[in-house]
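So the structure is just underneath, and the comments pick up after that.
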Amino acid sequence: MAKHHILLISNKEEEFSESLRLILGKEFVFFPIEKKDSEINEYLVRNLIDLVFLEINLKGWDSFKVLEKIKKIDPHLPVIFLALTPPLVSPEMAAEVLRAGAYGFILNISKEEELRCLTLNAIEKRRLSQEIKFLSARLEQMEGKEKTRHLFLKNGAMADNNYQVKSAYYYRDIMRKFSNAIIHISNLEKVLGSLVELIVDAFGANKVIIFLWDMNAKKYLPCSSFGFAKRFLNRMAFQEKDSLIKWLKENNQLLKISNLPDSISGSEGIQLKKEIDLVGANIALPLNGREGLLGFIGIGKKVTGEDFSREDLEILLTVSLYGAIAIENAFLYQRVSLQKEYIQNVLDNIPSGVISINNEGMITTINKSAERVLNIKAEEVLEESVQKIGSALSHLLLSTIKEGHVFNRHETIHPITKAPLGASTSFLCNENQDAVGAIMVFSDLSEAKLLEKKTLELERVKFWNFLVSRIAHEIKNPLVAINTFTRLLPEKYQEETFRNFFSNVVSQELDKLNKIVEQLISFALHHDLHTEEIDINNFIMGILDSLKSEIGLEQARIIKDLSPEPIPFDLDRSRLREAFCHILRNSVEAKREGVDLTIKVSTRKQANIAEIEIKDNGSGIATDDREKVFLPFFTTKQKGFGLGLSIAKRIIEDHGGTIFLDDNIKEGCSIKVKLLAGRKGKTHG
Numbered sequence: 059m060a061k062h063h064i065l066l067i068s069n070k071e072e073e074f075s076e077s078l079r080l081i082l083g084k085e086f087v088f089f090p091i092e093k094k095d096s097e098i099n100e101y102l103v104r105n106l107i108d109l110v111f112l113e114i115n116l117k118g119w120d121s122f123k124v125l126e127k128i129k130k131i132d133p134h135l136p137v138i139f140l141a142l143t144p145p146l147v148s149p150e151m152a153a154e155v156l157r158a159g160a161y162g163f164i165l166n167i168s169k170e171e172e173l174r175c176l177t178l179n180a181i182e183k184r185r186l187s188q189e190i191k192f193l194s195a196r197l198e199q200m201e202g203k204e205k206t207r208h209l210f211l212k213n214g215a216m217a218d219n220n221y222q223v224k225s226a227y228y229y230r231d232i233m234r235k236f237s238n239a240i241i242h243i244s245n246l247e248k249v250l251g252s253l254v255e256l257i258v259d260a261f262g263a264n265k266v267i268i269f270l271w272d273m274n275a276k277k278y279l280p281c282s283s284f285g286f287a288k289r290f291l292n293r294m295a296f297q298e299k300d301s302l303i304k305w306l307k308e309n310n311q312l313l314k315i316s317n318l319p320d321s322i323s324g325s326e327g328i329q330l331k332k333e334i335d336l337v338g339a340n341i342a343l344p345l346n347g348r349e350g351l352l353g354f355i356g357i358g359k360k361v362t363g364e365d366f367s368r369e370d371l372e373i374l375l376t377v378s379l380y381g382a383i384a385i386e387n388a389f390l391y392q393r394v395s396l397q398k399e400y401i402q403n404v405l406d407n408i409p410s411g412v413i414s415i416n417n418e419g420m421i422t423t424i425n426k427s428a429e430r431v432l433n434i435k436a437e438e439v440l441e442e443s444v445q446k447i448g449s450a451l452s453h454l455l456l457s458t459i460k461e462g463h464v465f466n467r468h469e470t471i472h473p474i475t476k477a478p479l480g481a482s483t484s485f486l487c488n489e490n491q492d493a494v495g496a497i498m499v500f501s502d503l504s505e506a507k508l509l510e511k512k513t514l515e516l517e518r519v520k521f522w523n524f525l526v527s528r529i530a531h532e533i534k535n536p537l538v539a540i541n542t543f544t545r546l547l548p549e550k551y552q553e554e555t556f557r558n559f560f561s562n563v564v565s566q567e568l569d570k571l572n573k574i575v576e577q578l579i580s581f582a583l584h585h586d587l588h589t590e591e592i593d594i595n596n597f598i599m600g601i602l603d604s605l606k607s608e609i610g611l612e613q614a615r616i617i618k619d620l621s622p623e624p625i626p627f628d629l630d631r632s633r634l635r636e637a638f639c640h641i642l643r644n645s646v647e648a649k650r651e652g653v654d655l656t657i658k659v660s661t662r663k664q665a666n667i668a669e670i671e672i673k674d675n676g677s678g679i680a681t682d683d684r685e686k687v688f689l690p691f692f693t694t695k696q697k698g699f700g701l702g703l704s705i706a707k708r709i710i711e712d713h714g715g716t717i718f719l720d721d722n723i724k725e726g727c728s729i730k731v732k733l734l735a736g737r738k739g740k741t742h743g
């Protein structure tokens, strides 16, 4: 949709231009101005405006004189009077305005439909008058061509000779100045400046402006110019849908507004002329790149008043061709430079050190963190052998490119600072996945090691505090019972009943203390394994029979699902019996009130793996606790140390096996033990 340019002359230009834009829509472009004759003259003389909105109550100005001035410059330009501020306008004054030559009058801009309708009618009238004017000029132009055709034929030989001499001079001058532009190929601003200077100097142009596509704004914006005031440059922009841009894209040729091709229709010609007049140009030169229209060059008139000749236009086309190449190369260099700068900024803000080398072992990249950790400067090692950073790290990079050895979290010591370093390496590959070098990312682990040491110390203190607390709690209960009966012993010693009761209680409590001590010893001390080859099935059967009364298995229904074939295994019978005792006790203690306890014991052999599963229908283990069940001193019960499953885990791992919870059951708990059949455990002694 074409843009309509409206000149707004008001006491509050910016405020009312925004209100009017919201009412009329985005296709209307407003030019709010200060009340200066020079600004009004410049807009009207350049034929940029389609419609004028004139506030009737202008402070310090006579609105009727402003209207008279506008009509002298452009009699066909429609002017609509607006009552934007008090005092209110009478119907009589509105009629007087119309008699003075205004197209219309709006008493209240809040009447949006009335304002929109009047505005569109005025714009349409303006378009029709311009089209009539354009067609009349085209007719005169065609008549003039016919009159001068014979003159050109008559003097053709002389014209061609002059053309060749002048062209040779122009081309030498252009190539000289283009050489100067190419020197600055890395600087887009200088390339554009050289192009503008070339056109001004070589052709005597009074105005030159270069528009380039802006990816962020999604518009063609002015980037370099000569002969334009800054306040006009800020208002200039072209979109892809604008007629001038579409024409340049479709035709890929020079456009001279005073000599439009015959193929251009009247309405299209009017719009093209309006848009090119907006930049004060007579000629538009396309700047075509590999991917389309980069922009265009707008050229005004010659300062001598002469018209641009045929040879001028051909040379200008050459300028636009080479100019587009120079601009595209500058864009490319700019993008590469920005990308390189961006990558370096990213690298410099990474807390880890980064160093890359090529296949010859020369350093190609080093970031600030690497400089800091290694206490070196980039300028001293870039493009130098990687050996300059020290053997500890250079060895890793050279091993990667020469031997294909990729390191992952490799720890080494800096030979000078003695700081612990953690490093990883990888190949650098091109688009064909060919190795062109290696990269290493490394960190100073000093703080991490110190933090790890502090964490371990805190964990150790926490562990011992917890251990002491649990021991004190578990020992205190038996001691309280013993202490109570010991105090009663002197006065009740003569009572045989008391003596017998005392003996039983003290004996039971001492047994509890002994078990606590045994568990602590079993957990804390390492035991040598004394292995022998036995059958897992027979071993499990023996355990179930011997532990019935010891841990209360008689209250549970035992289901045995044993492997039909023997499973030989080297194990320490006593230690493994202790492990399964803790696992089975865990199942017995998980019995739910009112539910008959069922424990299923299964054995399976797959290849050389023996799997023993102990599954119950007890209370199960909460999801949040599943990862903690094998940790020392973890328990959800009122009694107990929470060492049983921890001891079982250690014993099974000493045998080279694993123990874990089965997560695929919905009720109760399933603990699986896997052992390697026929494998020797950690046998000692």
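Under this note's numbering, residues 59 to 743 are what the sequence shown spells out, in order. Every residue gets a Cβ at the ideal spot worked out from N, C-alpha and C, and that includes glycine.
Other residues of its chain near residue i: CB distance less than 6 Å, five sequence neighbours each side excluded
{"i": "I641", "result": "I672, A706, I729"}
{"i": "V444", "result": "I415, G419, I421, S452, L455"}
{"i": "A637", "result": "A706, I709, I710"}
{"i": "N466", "result": "S482"}
Buried versus exposed, by CB contacts within 10 Å (16 or more), residue i
{"i": "G462", "result": "exposed"}
{"i": "C487", "result": "exposed"}
{"i": "N417", "result": "exposed"}
{"i": "D370", "result": "buried"}
{"i": "N490", "result": "exposed"}
{"i": "M273", "result": "exposed"}
{"i": "F524", "result": "exposed"}
{"i": "R207", "result": "Confidence at R207 is low in this model, with a pLDDT of 46, below 50, so its placement is unreliable and the value that follows should be read with caution. Answer is exposed; the Cβ neighbour count stays below 16."}
{"i": "I723", "result": "exposed"}
{"i": "Q664", "result": "exposed"}
Three-way DSSP call (helix, strand, coil) for residue i in this model
{"i": "W119", "result": "coil"}
{"i": "D406", "result": "helix"}
{"i": "D712", "result": "helix"}
{"i": "Q552", "result": "coil"}
{"i": "L352", "result": "strand"}
{"i": "Q664", "result": "strand"}
{"i": "F692", "result": "coil"}
{"i": "L345", "result": "strand"}
{"i": "A680", "result": "coil"}
{"i": "H754", "result": "Nothing about residue 754 can be reported from this structure: the residues present for the chain run from 59 to 743 only."}
{"i": "M294", "result": "coil"}
Whole-Å CB distance - residue i paired with residue j, under 8 Å assumed
{"i": "I820", "j": "L135", "result": "Outside the displayed span of the chain (59 to 743) sits residue 820, for which this structure offers no information."}
{"i": "F284", "j": "V266", "result": "5 Å"}
{"i": "I413", "j": "I424", "result": "5 Å"}
{"i": "F354", "j": "F269", "result": "6 Å"}
{"i": "A450", "j": "I471", "result": "7 Å"}
{"i": "G702", "j": "N644", "result": "6 Å"}
{"i": "L343", "j": "L318", "result": "Not a contact, Cβ separation roughly 15 Å."}
{"i": "D712", "j": "L587", "result": "6 Å"}
{"i": "L112", "j": "V124", "result": "6 Å"}
Nearest to residue i (by Cα), restricted to the options the options
{"i": "K717", "options": "K534, I592, E685", "result": "Per the sequence presented here, residue 717 reads as Ile, with Lys not at that position. For I717, the nearest C-alpha among the options comes from E685."}
{"i": "G700", "options": "G358, D683, E489", "result": "D683"}
{"i": "A539", "options": "S527, V564, E553", "result": "V564"}
{"i": "K658", "options": "F524, G726, I385, Q552", "result": "G726"}
{"i": "L719", "options": "I679, N245, E576", "result": "I679"}
{"i": "A496", "options": "D502, I167, L568, S484", "result": "S484"}
{"i": "I616", "options": "R633, V124, V646", "result": "V646"}
{"i": "I667", "options": "I434, P626, L313, F500", "result": "P626"}
{"i": "V110", "options": "L102, F521, L733", "result": "L102"}
{"i": "L432", "options": "Y400, G480, L396", "result": "G480"}
{"i": "K130", "options": "L142, I474, G262, A158", "result": "A158"}
{"i": "A382", "options": "G363, G350, K398, E372", "result": "G350"}
{"i": "E172", "options": "L82, D259, L256", "result": "L82"}
{"i": "W522", "options": "L156, I328, F691", "result": "F691"}
{"i": "A260", "options": "V337, K695, I357", "result": "I357"}
{"i": "F559", "options": "F543, N572, L571, A665", "result": "F543"}
{"i": "E170", "options": "R79, D628, S121", "result": "R79"}
Cutoff 7 Å; reference residue i; Cβ partners in own chain excluding five residues on either side
{"i": "K61", "result": "E85, V87"}
{"i": "Q613", "result": "L655"}
{"i": "V494", "result": "N416, N417, L486, C487, N488"}
{"i": "A436", "result": "I424, E429"}
8 Å Cβ shell around residue i - same chain, five flanking residues per side excluded
{"i": "S77", "result": "I167"}
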